[in-house]
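Colleague:
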Amino acid sequence: MKVGREFLIWVFVLNLIKLSSSKFFNLTMTMPTLNKSINNQSVYIALKLPTDEELYIVDFHPIINIQRAKFISTYLCSKPYHTEANFWLDTRACESVDQSVLIYEWYESVPVVQWPKDAGLRVGTNTPYRYVVVNVHYRSSDSNDIYAERITLTRQKPKYEIGMYDIMTKALNIQKDRVDFSCQYDSSEMKIFSTLFSSNFQGSAVSLYRVRNNQVQSIIKGNLAWPQTFYQLSNVADIKAEDYLIGLCAFEKPIQDQMLKSRYFVCQLTLMFYIEQGEKITAEGCEHNDFSSIIQRFLPVNAHDTPQTLFDINPMYPKLPPNEWMQSQLNKTLLSSQSSDNDTQTIYLIYANQHRYDQLIILIHNHPLISIFIIWLILLVIGLVVLMYVIHRARRIIVYSSSHIARPTSVTVGGDTSSLSGWLTKRRFQQYGDDDSTANVP
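In structure tokens, the structure reads:
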């Protein structure tokens, strides 16, 4: 069926974000109803972030039917893949892969990552990202359900700032059925709490270690055959200047050289970390195997071992592989996480049919001074209406009082009770009678 012309509107009254005094506020991005069959497709929506103020994303709350959707992803982009369309199907989230970052993902078969408290990802002013893009990937269905993601933000600087650190292994480093990486970290201390694994080839194991003072510490081990998404570390791993980061990505079979020509990397790890406010991470990532001697000396012999259950990655995870854990979750028809802070304001971003006043709503949102002017104008009109009503009411009371002040009263003349006009008439006739009597006297 043909999708009618729809567009995103803010459902709020007079710029709630600007006027809210709450420490946190929620932004709920809701998918449209397409009224068409969905067959293993992705639906994207985008929201432009304010560029005139500093905001921090602190939490995510997916609202989704686990029986109808496979995953929901959240990206930050300098520019979305479509700027004119209000939503789009399949393709990708952002126009440029180099100017985009995946910051959160709910996946059907992997426990969701919890961000640390007192930490936030900075967006808005002085950041390269201008849009939030949410992607819901649906299973086969007659029509898509209205799912959403609630993003919690704050204007107050949290104690820690969240960032990303990439480790990529290129084709030049390939060694038969594995690829090694090693680098020396030389920036401010960062604390890793989550890692995303991804590969362009059919892989098996991925391992990451820290070498400090000739001591090896395992950070995380993963399975490249599992969903390529974020996994929670069992313990936060701190990385300091002069530490070495080493590891490998193993593959089920040797990779042919010709298969590598169209690929920029064969394996990638994205480390999600937090640092103290004011600290800076100068290094953008690690892309080489510059310290092969460190690899040969400190890489554990079991680095090739592949995790068989989620528990092998994190003891807090169940002792099940992802597909079995997913089956145990299918009886939960709706996932709707609640905000950890009750003192929040909620703003909904929804789809609606176009109306004449929609542009006015958008104009008010983009120009706060207009909303203040409209408030004063409304108050002025209300005041004038009340004043006119009071004046009209007062005039009616005055007219009513005047009509009842000078009413004629009865008087008694010669023992007969009559009105003054009647008495005068009678007196006049008596006078005429007296005049006639006088005229008839001889």
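Residues -22 to -1, 1 to 420 in mature numbering (1 follows the signal peptide of the UniProt record, and there is no 0) are what the sequence shown lists, from first letter to last. Every residue gets a Cβ at the ideal spot worked out from N, C-alpha and C, and that includes glycine.
Hey, how far is the Cα of Q210 from the Cα of F171?
Modeller: Translated into the one-based positions of the sequence shown, residue 210 becomes position 232. Translated into the one-based positions of the sequence shown, residue 171 becomes position 193. Distance between Q210 and F171, taken at the CA atoms: about 6 Å.
Colleague: Going along the chain, which unbroken runs of the alpha helix (DSSP H) with 4 or more residues stay wholly within the stretch 34 to 89?
Modeller: Segments of the alpha helix (DSSP H) lying fully in the stretch 34 to 89: there are none.
Colleague: Where does G225 sit, in a helix, a strand or coil, going by DSSP?
Modeller: Taking the first residue of the sequence shown as position 1, residue 225 is located at position 247. In the structure shown, G225 sits in a strand (DSSP, three-state: E or B).
Colleague: Ignore the nearest five residues each way along the sequence and tell me which others in D68's own chain have a CB closer than 8 Å to its CB.
Modeller: Within the sequence shown, numbered from 1, the residue matching residue 68 stands at position 90. Excluding positions up to five away in sequence, the list reads Q19, S20.
Colleague: Do Y163 and L223 have their C-beta atoms within less than 9 Å of each other?
Modeller: Taking the first residue of the sequence shown as 1, we reach residue 163 at position 185. Taking the first residue of the sequence shown as 1, we reach residue 223 at position 245. Yes, they are a contact pair.
Colleague: According to DSSP, simplified to helix, strand and coil, what is S270?
Modeller: For the purposes of this step, residue 270 is taken as residue 292 along the sequence shown, with counting starting at 1. DSSP places S270 within a helical segment (H, G or I) once states are collapsed to three.
Colleague: So, under 8 Å CB-CB, residue 427 and I197 are touching, yes? Tell me the CB distance rounded to an integer number of Å.
Modeller: Beyond the ends of the chain as shown, which are -22 and 420, falls residue 427; an answer cannot be given.
Colleague: Does Y209 come out as helix, strand or coil in the three-state DSSP assignment?
Modeller: Taking the first residue of the sequence shown as 1, we reach residue 209 at position 231. Looking at Y209 - three-state DSSP - the assignment turns out to be strand.
Colleague: For S165 versus K297, is the C-beta spacing smaller than 9 Å?
Modeller: The count along the sequence shown starts at 1 and reaches residue 165 at position 187. The count along the sequence shown starts at 1 and reaches residue 297 at position 319. No, Cβ-Cβ distance for S165 and K297 is not below 9 Å.
Colleague: Indicate whether Q77 and P106 have their beta-carbon atoms separated by less than 9 Å.
Modeller: For the purposes of this step, residue 77 is taken as residue 99 along the sequence shown, with counting starting at 1. For the purposes of this step, residue 106 is taken as residue 128 along the sequence shown, with counting starting at 1. Contact: yes.
Colleague: What residue range is occupied by the uninterrupted alpha helix (DSSP H) comprising residue 422?
Modeller: No information on residue 422 is available, as it lies outside the stretch -22 to 420 that the chain covers here.
Colleague: Could you check how far apart the C-beta atoms of I273 and K199 are, in whole angstroms? I think they sit under 8 Å.
Modeller: If you number the sequence shown from 1, residue 273 lands on position 295. If you number the sequence shown from 1, residue 199 lands on position 221. About 16 Å; that fails the 8 Å criterion.
Colleague: Give every residue of the same chain whose Cβ lies closer than 7 Å to the Cβ of T284, excluding the five residues on either side of it in the sequence, and list them in chain order.
Modeller: Position 306 of the sequence shown, counting from 1, holds the residue named residue 284. Around T284: S182, A183, N201.
Colleague: Please identify the residue among T29, M146, S380, M9 whose C-alpha is closest to the C-alpha of N104.
Modeller: Stepping through the sequence shown from its first residue, residue 104 is reached at position 126. Ranking the options by Cα distance to N104, first place goes to T29.
Colleague: Please identify the residue among S177, T207, S306 whose C-alpha is closest to the C-alpha of Q246.
Modeller: As a position in the sequence shown, residue 246 is number 268, starting the count at 1. S177 is the residue among S177, T207, S306 whose C-alpha sits nearest the C-alpha of Q246.
Colleague: Please confirm if Y85 has its CB atom under 9 Å from at least one CB of chain B.
Modeller: Of the protein chains in the structure, only one exists, and it is not chain B.
Colleague: Based on DSSP bridge pairs, tell me the residues matched to Q92.
Modeller: Here residue 92 is taken as the residue at index 114 of the sequence shown, counted from 1. The partner list for Q92 (beta bridge, DSSP) is empty, contrary to what the question assumes.
Colleague: Going by DSSP, which residues form a beta bridge with I23?
Modeller: If you number the sequence shown from 1, residue 23 lands on position 45. Paired residue(s): F65, V112.
Colleague: With a threshold of 8 Å on Cβ separation, who are the neighbours of L288 within its own chain once the five nearest residues in sequence on each side are excluded?
Modeller: The residue labelled residue 288 in the question sits at position 310 within the sequence shown. Correct list, in chain order: V88, P89, Y295, P296, K297, L298, P299, P300, W303.
Colleague: Compare the Cα-Cα distances from K95 to each of E62, A228, K57, I253 and report the closest residue.
Modeller: As a first step, residue 95 must be located in the sequence shown, where it is residue number 117. Considering only alpha carbons, the answer is I253.
Colleague: Quickly, what does DSSP pair V364 with across the bridge? List them, please.
Modeller: Locating residue 364 in the sequence shown gives position 386, where the first residue counts as 1. The partner list for V364 (beta bridge, DSSP) is empty, contrary to what the question assumes.
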